[in-house]
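Engineer: Going down the list, the sequences are from chains A and B. Residue 3 is where the first sequence starts when you use my numbering, and the numbers rise one by one after that. Residue 3 is where the second sequence starts when you use my numbering, and the numbers rise one by one after that. So that we are looking at the same thing, I have put the structure below in structure tokens.
Protein chains: 2
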Amino acid sequence: MNIDMIEAAYGRIKGAVRRTPLLSSPFLDEIAGRRVLVKPECLQHTGSFKYRGAMSALSALEPDTRARGVIAFSSGNHAQGVALAARQHGTSAVIIMPSDAPRVKIDNTRALGGEVVLYDRASEDRDAIGARLAGERGLTLIKPFDEPEVIAGQGTCGLEIAEQAAELGITRAEMLVCCGGGGFASGIALALEAHAPEIRVRPVEPEGFDDVVRSLASGQRERNAQMSGGLCDAIVTPTPGEITLPILQRLCASGIVVTEDEALRAMALAFERLRVVAEPGGAVALAAALFHGQALEGDTVIATISGGNVDRDVFMRALQIAG
Amino acid sequence: MNIDMIEAAYGRIKGAVRRTPLLSSPFLDEIAGRRVLVKPECLQHTGSFKYRGAMSALSALEPDTRARGVIAFSSGNHAQGVALAARQHGTSAVIIMPSDAPRVKIDNTRALGGEVVLYDRASEDRDAIGARLAGERGLTLIKPFDEPEVIAGQGTCGLEIAEQAAELGITRAEMLVCCGGGGFASGIALALEAHAPEIRVRPVEPEGFDDVVRSLASGQRERNAQMSGGLCDAIVTPTPGEITLPILQRLCASGIVVTEDEALRAMALAFERLRVVAEPGGAVALAAALFHGQALEGDTVIATISGGNVDRDVFMRALQIAG
């Protein structure tokens, strides 16, 4: 896993991914007490950075392998990214989703061309279903984060950040990345190591799902006590990846944990000051930039908004909280 | 008023304005029955395209003139654009606003460095107040749309659209532009005439405030019966400009009128499918793309979102309408 893989991935997917802009607002700078730049991957195709990794992984497959189709487990953003990337490669994607996943996510994945297979969380084993389908049909599994070509795809966002920061004359900053399994944070960290070595990644997680932050602190792989129940569903994973954790340990500074309430307030400020839509999990890095300034160093912070696939009621809840 | 002025304006302001991306969603394509591309100027600095015109006008002033300061009449987006452009040029901006303007817009204009002078709509004459201040202090008036350097600035958005459409291989399309006084539409039309002559501008206005659409149809300057009361306040003007109307007559095809309800539904779809925040007036062009397909020709339509400065309650109202 190195920078060459990220550059190669960018070469393959550059024409397909959207180069998201770097946004800012003097009002956010004032709240944070420093310059705040935001990389809004909610504007990416399918509404999250996951499309980058999916496109990278699909485009890296041998044509024969790819033609047999791919399979993924996901109830959310990875599902949509893989479905669209498969369709754009002229192949099929089976997406295994829990039958209680939000209707809109199931519908969206289908509308993007994904063949959705539902399973019952209580009585069925999704891995067994996936293994059977993959075996029968020769499908290739696209993992959500612990997979080099997926990490390379997420890293393309880091290439853009390095370039956009340089255009603004910024060489030193804290880089806050919304973190689940660590694919996005490790990809960005590798890209910045090569192209902007003084921009340092700080993973950000929501309270109760801070496995990466705790793993970085303890030096060993920590697990979350619960796997659901939070608003930040998009970035909840049981434990850091086997590939991602060593990269994060080598390249990242300490992580930051924010509350759900802070994530909702960051969503409201992204609405008001940047005019973009963030989902709760996608707003945790901005929340850290705005409300955890004491944990940051330097005069510039860059924060990802990792995704914007949010139900209307959750978004309205964020707007009803005073900014 | 010609393309050279737009190119010159872009040369002056390119480093300051944000090159907004061109967004799309397969879900919007399906609703419209054709390919839909969206130019989200809600992501521009100060949340609307008005910043382009303000920067162009400020940067075109002689240094001595500029140093004495500028003045503008506006309760909304033009106010914020002029205030920020003035601050970035190291000069002062007096913004004359009605005392019943939304608190948040007054506060924002002040926060961006504008010197806000409030007047009472019922008892005071804003033009007299403006003329007195301009005379006493040697301020230069920055008009909102009927001013060549402002039109040139708005036209820089058209330069970007021509370039971005060409990157996608698009040479022929209908270009829907949210229209008030016609500065944005005429600037874009001039830029496209030079660089993408088969992309044709169609102005879009809200019901009840369709002075430009009616003027294009009748061949003479029409006026709106009312000047306020609608949700689309950002794009309400009494009548087309003296400079803008002849440009629109020469270059644009017929205009399109949408309802407020359609604008609100377009806002909800921009939220859900593009993850951007549109204000009602800023959503009228997208509404035309999505809900007035019978008035359009060809397989591709490009729509501006002209701004995203919207109060939370109005936005929530849009989200509560079924998509």
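We treat Cβ as the ideally placed atom computed from N, Cα and C, and that holds for glycine.
1. Taking only runs of the beta strand (DSSP E) that begin and end inside the region 78-143 of chain B, which ones reach a length of at least 3 residues, in chain order?
2. Quick one: grab the DSSP three-state call for Lys2 (chain B).
3. Using 8 Å as the threshold, is the C-beta distance between Arg68 (chain B) and Leu60 (chain B) below it?
4. Taking the C-alpha atoms as reference points, what is the distance between Glu32 (chain B) and Gly115 (chain A)?
5. Since Lys41 (chain A) sits in a beta bridge, which residues does DSSP pair it with?
6. The beta strand (DSSP E) spanning Met177 (chain A) covers which residue range?
7. Note down, in chain order, each residue of its chain lying with its Cβ closer than 7 Å to the Cβ of Glu281 (chain A), except the 5 sequence neighbours on either side.
8. Anyone know if the C-beta pair for Ala1 (chain A) and Pro208 (chain A) falls short of 8 Å?
9. Quick one: measure Cβ to Cβ for Lys107 (chain A) and Thr306 (chain A), integer angstroms, because I've assumed they're closer than 8 Å.
10. What are the start and end residues of the alpha helix (DSSP H) that includes Ala186 (chain A)?
11. Between the alpha carbons of Gly221 (chain A) and Gln82 (chain A), how many angstroms are there, rounded?
12. Which residue marks the beginning of the beta strand (DSSP E) containing Glu207 (chain B), and which one marks its end?
13. Below 8 Å between beta carbons: does that hold for Arg204 (chain B) and Gly257 (chain B)?
14. From the DSSP output, in three-state form, read off Asp25 (chain B) for me.
15. Please report whether the beta-carbon of Phe29 (chain A) lies at a distance below 8 Å from any beta-carbon of chain B.
16. Which bits of chain B does Thr22 (chain A) rub up against, with CB to CB less than 8 Å?
17. Which chain B residues are close to Cys44 (chain A), counting only those with a beta carbon under 8 Å from its beta carbon?
18. Taking the alpha-carbon of Arg225 (chain B) as reference, which of B:Cys234, B:Gly210, B:Val96, B:Gly232 has the nearest alpha-carbon?
19. With Val279 (chain B) as the anchor, note down where its beta strand (DSSP E) starts and where it stops.
20. Within a Cβ cutoff of 7 Å, which residues of the same chain sit near Met57 (chain B), ignoring the five residues on either side of it in sequence?
21. Within the chosen definition, does the region 285-295 of chain B reach the region 244-264 of chain B through at least 3 CB pairs nearer than 8 Å?
22. Please tell me whether Ala113 (chain B) and Phe273 (chain A) are closer than 8 Å, where the distance is taken between their beta carbons.
23. I need the boundaries of the alpha helix (DSSP H) containing Ile163 (chain A), first residue and last residue.
24. Applying a beta-carbon distance threshold of less than 7 Å, which residues of chain A neighbour Met57 (chain B)?
25. Closer than 7 Å between beta carbons: that is the criterion. Which residues of the region 265-276 of chain B meet it against chain A?
26. Which residues mark the beginning and the end of the alpha helix (DSSP H) in which Phe293 (chain B) is found?
27. Taking Cβ-Cβ distances below 7 Å as the criterion, which residues of the region 73-94 of chain B are in contact with chain C?
28. DSSP three-state label for Ile258 (chain B), please.
29. Along the region 276-296 of chain A, what residues have a CB closer than 7 Å to any CB found in chain B?
30. Alpha carbons only, please: which of A:Ala193, A:Cys254, A:Arg216 is nearest the one belonging to Met3 (chain A)?
31. Which chain A residues sit within Cβ distance under 9 Å of Leu321 (chain B)?
32. So, is Ala62 (chain B) buried or exposed, given that buried needs 16 or more other C-beta atoms within 10 angstroms?
33. From the beta carbon of Leu250 (chain B), is the nearest beta carbon of chain A less than 8 Å away?
34. DSSP three-state label for Phe75 (chain A), please.
35. For a cutoff of 8 Å on Cβ pairs, would you count Gly49 (chain B) as touching chain A?
36. Return the residue from the list B:Glu169, B:Ile163, B:Ala219 that minimises the CA-CA distance to Ala201 (chain B).
Structural biologist: Reading off the structure:
1. 95-100, 117-121
2. No answer is possible for residue 2 (chain B): it lies beyond the span of chain B, which begins at 3 and ends at 325.
3. yes
4. 13 Å
5. A:Thr306
6. 175-180
7. Ala236, Gly309, Gly310, Asn311, Val312
8. Outside the modelled stretch of chain A, which goes from 3 to 325, sits residue 1 (chain A), for which no answer is possible.
9. Wrong, their Cβ atoms sit about 21 Å apart, outside the cutoff.
10. First, the amino acid is wrong: residue 186 (chain A) is Phe here, not Ala. Phe186 (chain A) -> alpha helix (DSSP H) spans 185-197.
11. 33 Å
12. 201-208
13. yes
14. Note on identity: in this sequence residue 25 (chain B) is Leu, with Asp being the wrong assignment. Of the three classes helix, strand and coil, the one that applies to Leu25 (chain B) here is strand, per DSSP.
15. yes
16. Pro23
17. Arg277
18. B:Gly210
19. Segment: none, Val279 (chain B) is in no beta strand (DSSP E) and carries neither H nor E.
20. Ile15, Ala18, Val19, Ala87, Gly155
21. yes
22. no
23. 150-169
24. Here the premise fails: no neighbours, minimum Cβ distance about 15 Å.
25. Phe273
26. 286-293
27. Annotation note: the requested chain C is absent from the structure, which comprises protein chains A and B.
28. strand
29. Arg277, Val278, Val279
30. A:Ala193
31. Arg314, Asp315, Phe317, Met318, Leu321
32. buried
33. no
34. strand
35. yes
36. Correcting the residue identity first, residue 201 (chain B) is Ile in this sequence and not Ala. Cα-wise, what sits closest to Ile201 (chain B) is B:Ile163.
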